[in-house]
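A.B. asks: Following my numbering, the numbering of the sequence shown begins with 585 at its first residue and continues without gaps.
Just so you know, even glycine gets a beta-carbon here, dropped at the ideal spot from N, CA and C.
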Amino acid sequence: MENSKVNEIVTRALEDIEKADKGDVINEIRNRYLAKKSELMGLMSLLGQMSPEERKDFGKLVNDAKTRISEMLNKKQQEIAQKELNKRLEEEKIDISLPGKKVELGGRNPFYLVQDEVIEIFTGMGFSVASGPEVESDLFNFELLNIPKDHPARDMQDTFYIDNNTLLRTHTSPVQAHTMQEAKGQPVKIICPGKTYRRDNDDATHSHQFAQVEGLLIDKNINIGHLKALLTLFAKKMFGEKREIRLRPSYFPFTEPSVEVDISCFNCGGKGCSMCKGTGWIEILGGGMVHPNVLKMNGYDPEVYSGLAFGIGIERVAMLRYGIDDIRKIYTNDVRFLRQFEKKA
Ligand code: PHE
585 MENSKVNEIV TRALEDIEKA DKGDVINEIR NRYLAKKSEL MGLMSLLGQM SPEERKDFGK
645 LVNDAKTRIS EMLNKKQQEI AQKELNKRLE EEKIDISLPG KKVELGGRNP FYLVQDEVIE
705 IFTGMGFSVA SGPEVESDLF NFELLNIPKD HPARDMQDTF YIDNNTLLRT HTSPVQAHTM
765 QEAKGQPVKI ICPGKTYRRD NDDATHSHQF AQVEGLLIDK NINIGHLKAL LTLFAKKMFG
825 EKREIRLRPS YFPFTEPSVE VDISCFNCGG KGCSMCKGTG WIEILGGGMV HPNVLKMNGY
885 DPEVYSGLAF GIGIERVAML RYGIDDIRKI YTNDVRFLRQ FEKKA
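#1: For the alpha helix (DSSP H) containing Pro694, list its first residue and its last residue.
#2: Is Phe894 near ligand 1, with its Cβ less than 6 Å from a heavy atom?
#3: Under the rule that 16 or more other beta-carbon atoms within 10 Å means buried, what is Ala929, buried or exposed?
#4: Can you find a heavy atom of ligand 1 that lies under 6 Å from the Cβ of Phe836?
#5: For a minimum of 4 consecutive residues, which ranges assigned as the alpha helix (DSSP H) are wholly contained in the region 789-856?
#6: When we look at the beta-carbon of Glu828 and count the other beta-carbons within 10 Å, is it buried (16 or more) or exposed?
#7: Between which two residues does the beta strand (DSSP E) carrying Met656 extend?
#8: Buried or exposed for Leu869, please, with buried defined as at least 16 other CB atoms from any protein chain shown within 10 angstroms of its CB.
#9: So what does Ala604 bridge to, in DSSP terms?
#10: Which residue marks the beginning of the alpha helix (DSSP H) containing Leu879, and which one marks its end?
#11: For Ala795, which residues of its own chain have a beta-carbon under 6 Å away from its beta-carbon, when the five flanking residues on both sides are left out?
#12: Quick check on the DSSP output: the alpha helix (DSSP H) that includes Tyr906 runs from which residue to which?
#13: In this structure, does DSSP put Lys779 in helix, strand or coil?
#14: Buried or exposed: where does His755 fall if 16 or more other Cβ atoms within 10 Å of its Cβ makes it buried?
#15: Kindly indicate which three-state DSSP category Val713 falls into: helix, strand or coil?
#16: DSSP on Tyr947, reduced to helix/strand/coil?
#17: Check this for me: beta carbons of Phe838 and Asn917, under 7 Å apart or not?
#18: Considering only C-alpha positions, which residue in the set Phe706, Phe823, Leu815 is nearest to Val845?
#19: Return the bridge partner residues of Phe894 from the DSSP annotation.
#20: Return yes when at least one heavy atom of ligand 1 lies under 6 Å from the C-beta of Ser890, else no.
#21: Which residue or residues does DSSP assign as beta-bridge partners of Leu751?
#22: Measure how close the beta-carbons of Leu631 and Ala649 come, nearest whole angstrom, since I'm counting them as under 8 Å.
#23: Since Ile593 and Leu618 are thought to touch, with beta carbons under 8 Å apart, how far apart are those beta carbons, to the nearest angstrom?
Now the structure itself:
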């Protein structure tokens, strides 16, 4: 009688398991048939009324039933889990034949295109790249460059002072003094690209913040011929093989002699046009031979060493090179402007 009850429970359980199609249904069935208070476990209480012989057989019967149901539950549970996984994989399948999202690549700002090109040209001639602080001391920005206090040249470079002795550098030339002092009397051959600041009113050709590339070469027997040769090569590489340069006398307190450097106009080839204002020449940079006082103040004997220096305005070169009519376009990040410099793949 009890035995057939056990078999009947097993049959019912297996039918239920067979029909189950979800994980939580399996849990519910496990609870219904195998929990302590389930019908099957309840039959265990009958053991007390049985003879030892019957008890052994019946106990085994109930245990086998429990094992059987439990095994079937586990098996079914795995089947359901596998089915659910397959279903999910099917649903979440990625169609790799769909075209991907396009990554939009912007153009590099022409400022950086030109700065990189200047660096490449001069490193190609054996210069290494130095750097210096943008917040500079009066000593390095002026005094060590032969511009003492009250020197009139300071007026042309009015700038942003942080206190009486600290300012935003007005040019990259203080890096000349830093580099010389670090080199401790040894030959120097560096360029230094970097930001500079002046208290200028911004307009199409002026900006209170701009950038220069400083150049400095110090060794024995350096003369102005070296300066001309270096800058001629630069002009040709930057603006085309046909370019010539001319040096005009100028004045900087830290070079003697000082020159303004013009290149033959790349627009008209030197005949005269609106770009060169009819002169055939375009001014691109300043330079000269390092002043003996500057050599001396920074640890060199001017009787033994001589040097050349130059300063190139990066925006000015970029504007000439790419025909940009307003310096502010370089800073305002208008994508319509920048898109023109996208590399076409
Ligand atoms: N520092 C100068 C300027 O800003 C440029 C320059 C650099 C001139 C090196 C001579 C030598 O105008």
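C.D. replies: Looking at the coordinates:
#1: From DSSP, the alpha helix (DSSP H) with Pro694 extends over 694-707.
#2: For Phe894, the shortest separation between its Cβ and any heavy atom of ligand 1 lies below 6 Å.
#3: Confidence at Ala929 is low in this model, with a pLDDT of 46, below 50, so its placement is unreliable and the value that follows should be read with caution. Counting the other CB atoms within 10 Å of its CB gives Ala929 a total below 16, which places it among the exposed residues.
#4: Within the cutoff, so yes.
#5: Those alpha helix (DSSP H) runs which fall completely within the region 789-856 and span 4+ residues are 808-823.
#6: With fewer than 16 Cβ atoms within 10 Å of its Cβ, Glu828 is classed as exposed.
#7: In the DSSP annotation of this structure, Met656 is not part of any beta strand (DSSP E); the continuous alpha helix (DSSP H) holding it starts and ends at 636-675.
#8: So Leu869 counts as buried.
#9: Ala604 pairs with nothing; no bridge assigned.
#10: That run of the alpha helix (DSSP H) goes 876-881.
#11: Non-local C-beta neighbours of Ala795 in its own chain, meaning closer than 6 Å and more than five positions away in sequence, comprise Lys779, Ile898, ordered along the chain.
#12: Segment 898-906, the alpha helix (DSSP H) holding Tyr906.
#13: Reduced to three states, the DSSP call for Lys779 is strand.
#14: So His755 counts as buried.
#15: Residue state for Val713 is assigned as strand, using DSSP reduced to three classes.
#16: It is not possible to answer for residue 947, since the shown part of the chain is limited to 585 through 929.
#17: Not a contact, by the Cβ cut-off of 7 Å.
#18: Nearest of Phe706, Phe823, Leu815 to Val845, Cα basis: Leu815.
#19: Partner(s): Gly799, Gly871.
#20: Checking the Cβ of Ser890 against ligand 1 gives no.
#21: Assignment of beta-bridge partners to Leu751 by DSSP yields Glu720, Tyr745.
#22: 14 Å between Cβ atoms; not a contact.
#23: At roughly 10 Å, the Cβ-Cβ gap does not stay under 8 Å, so Ile593 and Leu618 are not in contact.
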